[in-house]
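A short write-up of the structure that comes next.
Number of protein chains: 2
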Amino acid sequence: MPYDLLKQNIKRNVQISDNDLDIVCSYFKSKQIKKKDFLLRQGSVYKYEGFVLEGCFRIFTIDKKGNENVLYFATKDWWLMDIDSFMNQTPSLLNIQALEDSEIILINKTDKEALYTKLPIVEKLFRIMSQKALVAWQRRLIRNHTLTAQERYNHFISNYPEIASKLTDRQKSSYLGITHEFLSKIKKQHKLKKIM
Amino acid sequence: MPYDLLKQNIKRNVQISDNDLDIVCSYFKSKQIKKKDFLLRQGSVYKYEGFVLEGCFRIFTIDKKGNENVLYFATKDWWLMDIDSFMNQTPSLLNIQALEDSEIILINKTDKEALYTKLPIVEKLFRIMSQKALVAWQRRLIRNHTLTAQERYNHFISNYPEIASKLTDRQKSSYLGITHEFLSKIKKQHKLKKIM
DNA sequence: AAAAAGAGTTGAACAAGTTCAACTTCACAT
DNA sequence: ATGTGAAGTTGAACTTGTTCAACTCTTTTT
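Keeping their order, the protein sequence lines are chains A and B.
Note that this note's numbering has the first sequence beginning at 98, numbered continuously upward.
Note that this note's numbering has the second sequence beginning at 98, numbered continuously upward.
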């Protein structure tokens with residue numbers, strides 16, 4: 098049952114019949130992605146919305162100075178969407194890159210629109226998912242305003258240990274909005290505190 | 098037609114019949130709020146979702162150190178929602194306060210659920226609105242990571258001049274995630290640059 | 001197995017933003 | 001009209017985080 102993970106994920110958000118679940122699943126197609134390959138590159142249009150079955154992705158932008166800025170990571174059981182580009186079919190500001198060999202399932206825009214029409218419950222599903230995501234983004238912004246880099250680092254590794262364990266320090270620092278040099282110093286401080 | 102503003106707002110997001118629009122509007126009740134009064138206080142449960150007809154609100158948290166942290170402002174034609182508290186009917190982390198005498202229209206949770214069931218288009222409406230909001234939050238986080246306080250200030254006042262004009266510098270600084278003293282210094286720098 | 005590239009660490013000098021305290025200016029309630 | 005409190009300004013000392021360069025340690029590529 099390769100789609101079991103997707104089904105469980107959906108059931109956590111809406112009440113849906115097994116039959117409808119099967120219909121939803123039938124719209125998705127599986128895809129393997131090799132480590133370091135891109136699912137999407139800045140400037141091109143995002144044609145698929147995805148759900149990660151296995152592996153790990155980073156979603157990031159590159160600013161004018163050439164710095165990479167990670168918006169978020171997506172591992173097993175996470176949705177991969179570039180809402181802006183997907184919804185409006187405009188060039189994306191984001192890159193989506195696999196950090197390890199990964200497997201995802203994809204749905205394209207036309208099929209998704211069809212699915213919304215065929216099964217109104219899907220509309221509700223994405224409404225609820227989007228609202229939950231919105232809350233998460235708001236909380237992250239508050240953390241960025243109120244916590245120090247040290248505190249944000251601690252929050253990240255204790256709240257997302259599975260993801261953190263797959264990442265290099267450079268990737269973590271990019272997500273936290275600090276330089277990798279400073280993250281290194283934070284970790285040293287942390288160790289010193291433990292010893293004392 | 099006091100609900101014209103709401104109707105126009107909705108029509109910008111979904112195609113909807115005038116009849117359905119009237120039904121949607123009939124679920125909202127108007128409320129006047131005096132300057133400095135709270136629509137919601139941290140710790141209480143948010144029972145209504147609102148749409149601003151006139152005036153201005155600030156949505157903010159107070160952290161452990163006692164600092165106020167503005168998440169966003171809402172003026173005329175903006176939605177006022179504390180999604181987390183409203184969706185799950187749990188105590189809110191947010192405060193919503195009127196910055197001037199204001200008028201909003203409200204819908205309560207039970208009625209909103211009823212509306213979702215009665216008119217599936219409303220489900221689509223809020224799905225689309227949430228997704229658009231999500232994009233805006235992601236972009237704001239990127240700006241926070243990549244821009245200096247100076248640049249964020251410039252971005253804010255040039256992108257939201259109407260809102261900015263209603264705010265004190267303290268409120269702006271709280272939204273930008275800096276101290277009001279530093280904002281004052283930024284403005285001075287800015288003026289000096291203009292002169293030279 | 002060697003070479004090359006990427007990842008982490010460290011230090012010194014620097015820049016960005018904060019804190020605190022003192023002062024000025026403005027709004028508005030009485 | 002006046003007093004009071006909130007809003008804005010400024011400076012000095014401070015903290016947090018950056019930059020750049022040098023070095024080490026792994027990984028990956030060949």
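Don't be surprised by glycine CBs; every beta carbon is placed ideally from N, CA and C.
Values in this document were obtained by computation on a predicted structure and should not be read as measured data.
Neighbour list for residue i in chain B, Cβ cutoff strictly below 9 Å
i, result
"Ile239(A)", "Thr158, Asp160, Asn166, Leu168, Leu190"
"Pro258(A)", "Under the 9 Å cutoff, chain B gives no residues; its nearest Cβ is about 22 Å from Pro258(A)."
Backbone secondary structure at residue i - three-state DSSP
i, result
"Thr172(A)", "strand"
"Asn205(B)", "strand"
"Ser270(A)", "helix"
"Arg236(A)", "helix"
"Ser127(A)", "strand"
"Arg155(A)", "strand"
"Asn376(A)", "There is no way to answer for residue 376(A), as the model of chain A reaches only from 98 to 293."
"Leu177(A)", "strand"
"Glu220(B)", "helix"
"Tyr145(B)", "strand"
"Leu196(A)", "coil"
"Leu150(B)", "strand"
"Asn166(B)", "strand"
"Leu136(A)", "strand"
Below-8 Å beta-carbon distance, residue i vs any chain B residue
i, result
"His277(A)", "no"
"Ile180(A)", "yes"
"Pro99(A)", "no"
Short CB-CB distance (under 8 Å) between residue i and chain A
i, result
"Trp176(B)", "no"
"Glu220(B)", "yes"
Candidates the options, of which the one nearest residue i by Cα
i, options, result
"Asn110(B)", "Ser189(B), Glu220(B), Asn192(B)", "Glu220(B)"
"Gly274(B)", "Ile180(B), Leu102(B), Leu244(B)", "Leu244(B)"
"Leu118(A)", "Lys209(A), Thr276(A), Lys104(A)", "Lys104(A)"
"Ser227(B)", "Glu165(B), Lys162(B), Leu177(B), Ser127(B)", "Leu177(B)"
"Glu210(A)", "Asn241(B), Ile225(B), Ser255(B)", "Ile225(B)"
"Asn205(B)", "Phe125(B), Thr265(B), Asp115(B), Asp101(B)", "Phe125(B)"
"Trp175(A)", "Gln112(A), Lys162(A), Ser281(A), Asn106(A)", "Asn106(A)"
"Ile180(B)", "Ile218(B), Gly163(B), Tyr100(B), Leu231(B)", "Leu231(B)"
"Ser271(A)", "Asn256(A), Val167(A), Asn251(A)", "Val167(A)"
"Asn251(B)", "Gln286(B), Ser123(B), Thr214(B)", "Gln286(B)"
"Lys215(A)", "Pro99(A), Ser114(A), Val121(A), Gln112(A)", "Val121(A)"
"Glu146(B)", "Asn256(B), Ala246(B), Asp266(B), Ser182(B)", "Ser182(B)"
"Thr265(B)", "Asn241(B), Asp208(B), Ser281(B)", "Ser281(B)"
"Ile283(B)", "Ala233(B), Ala246(B), Gln112(B), Glu165(B)", "Ala246(B)"
"Ile113(B)", "Ser123(B), Arg249(B), Ile218(B)", "Ile218(B)"
"Tyr213(A)", "Lys288(B), Asn116(B), Leu212(B), Leu222(B)", "Leu222(B)"
"Ser123(A)", "Pro99(A), Phe279(A), Glu278(A), Gln268(A)", "Pro99(A)"
Interface residues of chain B facing residue i [CB-CB closer than 7 Å]
i, result
"His242(A)", "Asn166, Gly274"
"Gln235(A)", "Leu168, Trp234"
Chain A residues whose Cβ lies nearer than 7 Å to that of residue i
i, result
"Ser227(B)", "Arg224, Ser227, Gln228, Leu231"
The ligand FMN heavy atom lying under 7 Å from the CB of residue i
i, result
"Ser141(A)", "The ligand FMN is not part of this structure, which contains no ligands at all."
Hey, is the region 144 to 151 of chain B in contact with the region 191 to 205 of chain B, meaning 3+ C-beta pairs nearer than 8 Å? By the Cβ rule, the region 144 to 151 of chain B counts as touching the region 191 to 205 of chain B, because three or more pairs are nearer than 8 Å.
Cβ contact check for the region 247 to 266 of chain A and the region 170 to 184 of chain A: 3 or more pairs under 8 Å: Touching, yes.
Below 8 Å, can you find three or more Cβ-Cβ pairs linking the region 235 to 244 of chain A to the region 157 to 164 of chain A? Not touching, per the Cβ criterion.
Between the region 187 to 195 of chain B and the region 135 to 142 of chain B, are three or more C-beta pairs nearer than 8 Å? Enough Cβ pairs lie closer than 8 Å, so yes.
Hey, is the region 173 to 186 of chain A in contact with the region 139 to 148 of chain A, meaning 3+ C-beta pairs nearer than 8 Å? Result yes; three or more Cβ-Cβ pairs closer than 8 Å.
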